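In full-length UniProt numbering, the protein residues as written are 1 to 391. No residue lacks a Cβ here, since even glycine has one placed at the ideal position from N, Cα and C. These numbers were taken from a predicted model, which means no experiment stands behind them.
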Amino acid sequence: MSELRPETRVVHPPQPPVEHSRPITMPIYQTSGFVFDDPAAMADAMGRPDGPFVYGRYSNPTVRALESAVSGLEGGVAAFATGSGMGAINTVLLGLLKPGDHVIAQNSLYGGTAATLNDLAARFGVTVTHVNEADPGAVREAARPETRMLYLETISNPMTLVADLPGMCAAARELGLVSVVDNTFASPVLCRPIEHGADVVVHSTTKYLSGHTDVVGGLAVFRDHELYEKVWHHSTVLGASADPFPAWLTLRGMQTLALRMERHCSNARLLATRLAEHPAVSAVHWPGLPSHPSYEIAGKLLPDFGGVFSFDLAGGRAAGERFMKAVRLALLAPSLGGVETLTLHPATTSHRSLDAEALARFGIGEGTVRIAVGIEHPEDLWADIEQALAD
Numbered sequence: 001m002s003e004l005r006p007e008t009r010v011v012h013p014p015q016p017p018v019e020h021s022r023p024i025t026m027p028i029y030q031t032s033g034f035v036f037d038d039p040a041a042m043a044d045a046m047g048r049p050d051g052p053f054v055y056g057r058y059s060n061p062t063v064r065a066l067e068s069a070v071s072g073l074e075g076g077v078a079a080f081a082t083g084s085g086m087g088a089i090n091t092v093l094l095g096l097l098k099p100g101d102h103v104i105a106q107n108s109l110y111g112g113t114a115a116t117l118n119d120l121a122a123r124f125g126v127t128v129t130h131v132n133e134a135d136p137g138a139v140r141e142a143a144r145p146e147t148r149m150l151y152l153e154t155i156s157n158p159m160t161l162v163a164d165l166p167g168m169c170a171a172a173r174e175l176g177l178v179s180v181v182d183n184t185f186a187s188p189v190l191c192r193p194i195e196h197g198a199d200v201v202v203h204s205t206t207k208y209l210s211g212h213t214d215v216v217g218g219l220a221v222f223r224d225h226e227l228y229e230k231v232w233h234h235s236t237v238l239g240a241s242a243d244p245f246p247a248w249l250t251l252r253g254m255q256t257l258a259l260r261m262e263r264h265c266s267n268a269r270l271l272a273t274r275l276a277e278h279p280a281v282s283a284v285h286w287p288g289l290p291s292h293p294s295y296e297i298a299g300k301l302l303p304d305f306g307g308v309f310s311f312d313l314a315g316g317r318a319a320g321e322r323f324m325k326a327v328r329l330a331l332l333a334p335s336l337g338g339v340e341t342l343t344l345h346p347a348t349t350s351h352r353s354l355d356a357e358a359l360a361r362f363g364i365g366e367g368t369v370r371i372a373v374g375i376e377h378p379e380d381l382w383a384d385i386e387q388a389l390a391d
């Protein structure tokens with residue numbers, strides 16, 4: 001390089017190889033593409049997911065490290081990361097469905113997923129039948145010749161209903177359906193849906209996996225390579241790919257995932273138990289309570305019951321608005337799974353795209369409040385909630 005002019009040398013700085021040692025943490029490969037010496041090798045790399053790195057939209061070493069880490073935790077064979085949780089969901093749905101197909105989905109779903117399914121129905125004629133998340137017989141009854149997919153959430157957003165994954169996925173397998181499970185609310189620490197028969201597991205890595213409210217990302221994990229390669233090829237065209245820096249942040253956050261989940265769950269237990277006894281609260285929706293409809297299934301499927309729950313205020317929407325204005329420690333903000341406690345009103349935020357009928361089917365009322373419990377001291381959180389309810 002010494003014979004080149006300065007204008008050229010600043011464009012091509014030396015890149016010393018790392019020999020005889022390796023970095024403790026995964027480096028950030030902040031590059032859009034990779035250089036080849038052989039045109040044939042480059043052409044081959046662009047045609048398969050397990051080839052050399054070639055272009056950031058296909059994959060990247062930092063992103064691949066995240067994909068491998070989550071795939072290993074979930075018990076899958078491969079995964080691809082995306083720029084958001086909805087990017088992962090849409091890539092899977094668009095990669096596996098075609099016009100005229102039929103989907104069976106559980107009643108209670110994340111609002112973004114419900115909106116996507118409604119959009120697919122309106123634009124492409126993909127019909128959807130909703131069933132109880134714990135009724136395998138309903139899956140068999142709803143199936144048609146054109147049915148292609150069963151869509152579930154391990155713990156539903158925001159009513160925390162727990163799907164009977166073994167029974168529902170077994171029914172899907174009998175019918176030749178692809179079973180897709182959103183495992184965001186549980187994380188691989190509490191549940192690994194592939195162990196219970198799921199074909200695809202999706203995550204919003206924005207939430208518990210990254211865990212620090214500084215990342216937007218998503219990921220899809222696959223049980224077998226054939227299905228993975230089919231959707232991976234679609235993903236490279238769709239372009240919902242992950243960036244290496246958020247992938248690196250997620251890898252860093254995942255190192256404390258198990259510790260954080262333990263605190264999220266224990267804090268949620270204390271708050272849910274006390275709220276269930278509060279006169280201003282008409283119902284608490286957390287699967288760790290015996291009053292919850294998923295209590296029995298959750299006890300069989302999960303070692304603990306998650307850090308997110310909802311509760312209904314007896315005073316309806318007005319009481320919900322007063323509560324969210326009165327909290328001081330809990331933050332009025334979207335998302336969940338970070339170290340901070342966040343709260344929101346689902347009917348006007350996460351599920352705002354749903355009409356009154358759909359909200360009722362999901363169990364979301366005017367006075368329903370969702371709280372994503374952080375890792376603060378539980379007594380500080382309870383003091384904040386208690387004073388807000390007293391206002």
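Cβ neighbours of residue i in the same chain (closer than 8 Å, five flanking residues each side left out)
i	result
L84	Note on identity: in this sequence residue 84 is Ser, with Leu being the wrong assignment. Result list for S84: S204, T206, V216, G217, G218, A240, in chain order.
P334	L342, L344, T349, S350
E366	G316, R317, G320, A347
W382	L270, L271, R274
R352	G111
N90	T116, L238, A240
N132	Q106, N107, A138
Local Cβ density within 10 Å of residue i, reported as buried at 16 or more and exposed below that
i	result
A40	exposed
E195	exposed
M46	exposed
Q106	buried
G253	buried
S310	buried
G337	buried
G137	exposed
P244	buried
D312	buried
G33	exposed
L96	buried
P145	exposed
Where residue i sits in the DSSP three-state scheme
i	result
V92	helix
L177	coil
D38	coil
L364	According to the sequence as given, residue 364 is Ile; it is not Leu. Three-state result, I364: coil.
L152	strand
S310	strand
F80	strand
A45	helix
V126	coil
I104	strand
V139	helix
V63	helix
V162	strand
V70	helix
A242	coil
T147	strand
A372	strand
D119	helix
G288	coil
G75	coil
Same chain, Cβ closer than 6 Å to residue i, neighbours up to 5 away in sequence not counted
i	result
R140	A171
F124	P99
G167	P136
I371	T343
E379	none
Limits of the unbroken beta strand (DSSP E) element including residue i
i	result
M261	First-last for M261: 257-275, but that is the alpha helix (DSSP H), not the beta strand (DSSP E).
V201	200-204
A283	281-285
Start and end residues, alpha helix (DSSP H) containing residue i
i	result
F222	No alpha helix (DSSP H) holds F222; the beta strand (DSSP E) holding it covers 218-222.
H225	225-238
Q387	378-390
I297	295-301
A333	Unbroken run through A333: none, as it is neither H nor E.
V189	187-190
L344	No alpha helix (DSSP H) contains L344, which is instead part of the beta strand (DSSP E) from 342-344.
S21	S21 -> no alpha helix (DSSP H), and no H or E assigned at all.
G6	Before going further, note that residue 6 is Pro rather than Gly in the sequence given. Looking at the DSSP string, the run of the alpha helix (DSSP H) that includes P6 is 6-9.
E321	316-326
Cβ-heavy atom distance, residue i to the ligand GTP, below 7 Å
i	result
G100	The ligand GTP is absent from the structure shown, which contains no ligand whatsoever.
Own chain partners of residue i with C-beta closer than 7 Å, once the 5 adjacent residues on each side are dropped
i	result
V92	V180, V200, V202, A220, V231
C265	D304, F305, G306, G307
W286	T160, A268, A272, H292, F305, F309
G169	It is Cys, not Gly, that sits at residue 169 in the sequence shown. Excluding positions up to five away in sequence, the list reads S179, H196, G197, A198.
D384	V327, R328, L329, A330
Is the region 47-59 close to the region 109-123, with three or more CB pairs under 8 Å? no
Three CB pairs or more closer than 8 Å across the region 317-325 and the region 67-86: By the C-beta criterion, the region 317-325 is judged not to be in contact with the region 67-86, since fewer than 3 inter-stretch pairs fall below 8 Å.
Taking one C-beta from the region 278-295 and one from the region 156-164 each time, how about it: are there three or more such pairs within less than 8 Å? Judged by Cβ distances under 8 Å, the region 278-295 makes contact with the region 156-164, as three or more pairs qualify.
Whether or not the region 295-310 and the region 245-259 are in contact is what I'm after, with contact meaning three or more pairs of Cβ atoms, one per stretch, closer than 8 Å; do they touch? no
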